[in-house]
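Trainee: Below is a structure I'd like to ask you about.
Chains as they are written, first to last, in the working numbering: chain A, 2 to 108; chain B, 19 to 609.
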């Protein structure tokens with residue numbers, strides 16, 4: 002009896018532990034992506050824009066290009082990178098949702 | 019075929035299409051009505067989100083505003099796209115995992131409190147009505163110019179169409195009409211943009227033409243030429259900003275965080291089958307949005323160049339036809355200050371007060387006479403920013419079918435957003451206010467009926483806003499973002515990322531954020547508009563950007579109050595653990 006409840010407990014802790022590590026990897030990924038998000042928009046598009054304007058790209062001043070074009074392209078890429086990386090994190094920690102989605106959606 | 023007839027044909031057939039879809043996708047259950055049954059494919063949802071998102075402000079006003087303020091217009095481009103990164107990374111997957119019908123539903127459950135739910139409903143209604151007012155006005159503008167009907171008639175026709183598919187079809191009807199509306203609006207936006215880009219730079223891709231050389235043999239790039247032309251006329255250079263860095267920063271942040279906190283966008287992610295679909299779907303949504311958002315600044319610069327070319331130093335008698343057409347709607351006016359019969363365009367307001375009021379007579383050149391006083395500026399021409407996108411094809415001399423297409427696109431953009439907003443308003447009322455709070459005993463059938471009634475009432479109120487508009491489109495919409503950023507975003511974010519956040523903190527934070535932001539905006543916009551200058555603003559932050567400060571206030575108060583009061587019950591902490599992992603997500607369910 003006591004042995005069984007012990008294994009249950011260990012399983013529970015290891016599951017909680019697994020979730021905790023999953024969450025921390027998630028937060029690390031978020032940190033990296035949001036850093037890029039901040040740099041291209043508020044960094045290159047606003048704070049550093051005047052300085053970047055001395056360079057040029059495709060005929061634009063660089064700071065102006067980031068503010069009106071470049072940052073938007075980076076945003077799109079960021080979300081797809083996130084969706085991909087999270088999918089592999091989900092798999093690594095076994096918390097994904099790709100097992101039998103049909104059954105789930107019927108619930 | 020005349021442009022007029024083509025416009026009727028295009029707008030009319032697009033309406034027939036939307037209504038057809040509405041009848042085909044009638045909602046049978048509350049789940050259909052609130053979240054389209056929960057089985058929408060991520061690409062389809064991405065497209066619907068893009069249409070939901072791109073409103074009359076994006077379609078009609080944004081390029082016009084950028085056209086007039088040049089570099090400072092970046093705040094809209096960055097703000098209204100960057101918010102999707104926050105939405106995708108911080109909110110959408112978790113709210114999908116939570117799997118309920120509405121945003122207040124999440125707040126109510128997560129903060130285990132009916133009071134929190136009600137506060138969220140109030141925030142939602144504030145935000146959504148501010149936003150919907152802009153949409154109906156957009157419909158009115160398109161109708162009054164292109165179909166030559168009264169604005170009021172135009173708004174009523176628009177209301178009737180939205181009524182059809184939102185009341186009948188709920189989220190299900192809205193989702194599939196929005197997909198059709200996305201196709202109409204993006205096509206309508208891109209066709210003239212490509213034509214104009216070819217005309218000005220020989221480059222068919224507007225995003226590249228924007229940086230290319232003008233094909234007039236001058237060897238100057240579009241932006242260099244525009245800078246030069248505008249400096250000559252006394253404006254500041256197009257690529258130089260005039261807003262302070264802190265204000266640009268604050269406005270961009272308010273728009274970004276506001277985007278992530280907008281209920282009508284968030285609720286779209288409740289409709290996909292899985293958590294991983296919600297993440298992907300946000301990516302598709304932004305990709306579809308980016309097509310328009312990277313084209314808009316190009317259109318803005320081309321339009322400004324074209325406008326100066328065609329208007330400045332042109333005799334009124336030789337003015338192109340579009341000038342008179344828009345003059346008759348009151349969105350363009352000319353006052354011949356130096357009696358030479360020639361229009362001089364330049365910096366500064368042409369008229370005092372700056373909006374034209376006509377006395378009903380016409381002058382010697384055939385222009386509509388004004389009761390406004392002249393200003394000391396040499397500028398004689400008043401041009402409403404809202405017309406730039408709509409007038410652009412005419413200014414560039416494009417064929418009639420392009421003009422008709424733009425009219426259909428403008429209406430599609432306004433209607434798709436209005437429908438999405440009306441849906442979240444009606445579901446907040448029928449689901450959160452009635453079913454979850456006041457009348458918990460009603461059956462699903464009754465709830466569905468209440469949802470339809472609430473949608474119908476909301477359509478009528480929105481129509482009134484359209485007939486008696488508060489201010490011009492994008493400006494009104496910009497405030498909705500400040501309010502969303504300051505009220506809903508922090509409560510949602512903390513609800514997912516902090517287990518310690520409790521009901522006391524969330525309620526206090528939302529209330530302070532909303533009241534602070536609303537008061538600041540109302541003070542400078544309505545109570546004391548004469549004080550609305552940088553000297554009187556808090557740290558030089560304009561009412562458009564104050565949502566950022568409201569949001570920071572909300573966060574600090576929510577965190578501090580949560581620390582000082584009891585931690586949330588275990589069941590709520592378990593709920594937070596549960597929404598953090600994707601596995602076991604069910605389709606949105608009644609509970």
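C-beta: ideal position from N, C-alpha, C; glycine also. The model shown is predicted, which means the values in this text are computed figures rather than measured ones.
Taking all protein chains shown into account, decide if residue 29 of chain B is buried (16 or more other Cβ within 10 angstroms of its Cβ) or exposed.
Mentor: Buried, because 16 or more other Cβ atoms sit within 10 Å of the Cβ of residue 29 of chain B.
Trainee: On the three-state DSSP scale, how would you describe residue 399 of chain B?
Mentor: In this structure, residue 399 of chain B counts as strand in the three-state DSSP scheme.
Trainee: Any idea if residue 382 of chain B is buried or exposed, counting beta-carbon neighbours within 10 angstroms, 16 or more meaning buried?
Mentor: Exposed, since its Cβ has fewer than 16 Cβ neighbours within 10 Å.
Trainee: Shortest alpha-carbon distance to residue 411 of chain B belongs to which of B:590, B:216, B:36 and B:62?
Mentor: Taking only the C-alpha atoms, the option nearest residue 411 of chain B is B:216.
Trainee: If I follow the unbroken alpha helix (DSSP H) through residue 564 of chain B, where does it start and stop?
Mentor: Start and end: 564–582.
Trainee: Within its chain, find whatever has a CB closer than 6 Å to the CB of residue 191 of chain B; leave out the 5 residues flanking it on each side and keep chain order.
Mentor: Excluding sequence neighbours, residue 191 of chain B sits near 40, 43 and 183.
Trainee: What does residue 601 of chain B touch in chain A if you count any residue whose Cβ is under 7 Å from its own?
Mentor: Simply 96, 97 and 98.
Trainee: Check distances from the C-beta atoms of the region 258–276 of chain B to those of chain A and list, in chain order, the residues that come in under 7 Å.
Mentor: Correct list: 263, 266, 267 and 270.
Trainee: What's the gap between the Cα of residue 587 of chain B and the Cα of residue 145 of chain B?
Mentor: Whole-angstrom Cα-Cα distance: 30 Å.
Trainee: Evaluate residue 554 of chain B with the Cβ neighbour count: other Cβ atoms within 10 Å of its Cβ, from every protein chain shown; 16 or more gives buried, anything less gives exposed.
Mentor: Result: exposed.
Trainee: Could you give the C-beta distance for residue 35 of chain B and residue 198 of chain B, rounded to a whole number, given that I count them as a contact under 8 Å?
Mentor: Indeed they touch by this definition, with Cβ atoms about 6 Å apart.
Trainee: Go ahead and label residue 205 of chain B buried or exposed: buried means 16 or more other beta carbons lie within 10 angstroms of its beta carbon, across all protein chains shown.
Mentor: Burial call: exposed.
Trainee: To the nearest whole angstrom, what separates the beta carbons of residue 59 of chain A and residue 226 of chain B, a pair I think is in contact under 8 Å?
Mentor: Yes, they are in contact, since the Cβ atoms of residue 59 of chain A and residue 226 of chain B sit about 7 Å apart, within 8 Å.
Trainee: Quick check: what's the CA-CA separation for residue 68 of chain B versus residue 443 of chain B?
Mentor: Each residue's Cα considered, the two are about 19 Å apart.
Trainee: Give the secondary structure of residue 20 of chain B by DSSP, where H, G and I count as helix, E and B as strand, and everything else as coil.
Mentor: Correct three-state label for residue 20 of chain B: coil.
Trainee: Please state whether DSSP places residue 377 of chain B in a helix, a strand or coil.
Mentor: If DSSP states are grouped into helix, strand and coil, residue 377 of chain B belongs with the strands.
Trainee: Using DSSP's beta-bridge definition, name the partner residues of residue 27 of chain B.
Mentor: Note: residue 27 of chain B sits in no beta bridge, so no partner.
Trainee: Check whether the Cβ of residue 51 of chain B lies closer than 9 Å to any Cβ atom in chain A.
Mentor: Chain A, which has no Cβ nearer than 9 Å to the Cβ of residue 51 of chain B, makes this no.
Trainee: Leaving aside the five residues before and after residue 240 of chain B along the sequence, list all residues of the same chain whose C-beta is less than 8 Å from its C-beta, in chain order.
Mentor: Hits under 8 Å: 218, 219, 227, 228, 229, 230, 231, 232, 319, 320 and 323.
Trainee: Which full runs of the alpha helix (DSSP H) of 4+ residues lie inside the region 303–347 of chain B, going along the chain?
Mentor: Entirely contained in the region 303–347 of chain B, the alpha helix (DSSP H) runs reaching 4 residues are, in chain order, 339–347.
Trainee: Using a cut-off of 7 Å between C-beta atoms, extract the partners of residue 103 of chain B located in chain A.
Mentor: Those within 7 Å of residue 103 of chain B in chain A are 38, 76, 79 and 80.
Trainee: Just checking my contact of residue 214 of chain B with residue 222 of chain B at CB under 8 Å: how many whole Å lie between their CB atoms?
Mentor: In fact, because the Cβ distance is near 11 Å, the residues do not count as touching under 8 Å.
Trainee: Taking 9 Å as the CB-CB limit, is residue 595 of chain B close to chain A?
Mentor: Taking Cβ atoms only, chain A reaches closer than 9 Å to residue 595 of chain B, which makes this a yes.
Trainee: Less than 9 Å between the C-beta atoms of residue 299 of chain B and residue 572 of chain B, yes or no?
Mentor: Not in contact: residue 299 of chain B and residue 572 of chain B (Cβ atoms no closer than 9 Å).
Trainee: Of the residues B:562, B:284, B:224 and B:141, which one's Cα is nearest the Cα of residue 108 of chain B?
Mentor: When only C-alpha atoms are compared, the closest one is B:284.
Trainee: Can you find at least 3 beta carbon pairs, one from the region 169–177 of chain B and one from the region 95–113 of chain B, that sit closer than 8 Å?
Mentor: Cβ pair count under 8 Å is below three, so no.
Trainee: Anything in chain B within Cβ reach of residue 32 of chain A, meaning under 8 Å, just list it in chain order.
Mentor: Within chain B, no residue comes near residue 32 of chain A; the closest Cβ sits about 10 Å away, beyond 8 Å.
Trainee: Per the contact definition of three or more C-beta pairs closer than 8 Å, is the region 398–416 of chain B in contact with the region 336–355 of chain B?
Mentor: Segments in contact, yes.
Trainee: Taking CB distances under 9 Å as the criterion, tell me whether residue 93 of chain A reaches chain B.
Mentor: Chain B contact via Cβ: absent.
Trainee: Taking the Cβ atom as the reference point for each residue, do residue 406 of chain B and residue 134 of chain B lie within a distance shorter than 9 Å?
Mentor: Not in contact: residue 406 of chain B and residue 134 of chain B (Cβ atoms no closer than 9 Å).
Trainee: Could you give the distance in angstroms between the alpha-carbon of residue 609 of chain B and the alpha-carbon of residue 583 of chain B?
Mentor: In this prediction, residue 609 of chain B scores a pLDDT of 46, lower than 50, which makes its location untrustworthy; no coordinate-derived value is stated.
Trainee: Sort B:114, B:309 and B:235 by Cα distance to residue 224 of chain B and report the nearest one.
Mentor: With distances taken between Cα atoms, residue 224 of chain B lies closest to B:309.
Trainee: So if I threshold CB-CB distances at 8 Å, which residues from the region 61–75 of chain A count as touching chain B?
Mentor: Per Cβ criterion, the list reads 61, 62, 65, 66, 68, 69, 70, 72, 73 and 74.
Trainee: Measure the C-alpha to C-alpha separation of residue 72 of chain A and residue 85 of chain A and round it to an integer number of angstroms.
Mentor: Distance between the alpha carbons of residue 72 of chain A and residue 85 of chain A is about 20 Å.
Trainee: Residue 17 of chain A: buried (16+ other C-beta within 10 angstroms of its C-beta) or exposed?
Mentor: Its Cβ having fewer than 16 others within 10 Å, residue 17 of chain A is exposed.
Trainee: So with Cβ pairs under 9 Å, would you call residue 56 of chain A a contact of chain B?
Mentor: Chain B contact via Cβ: absent.
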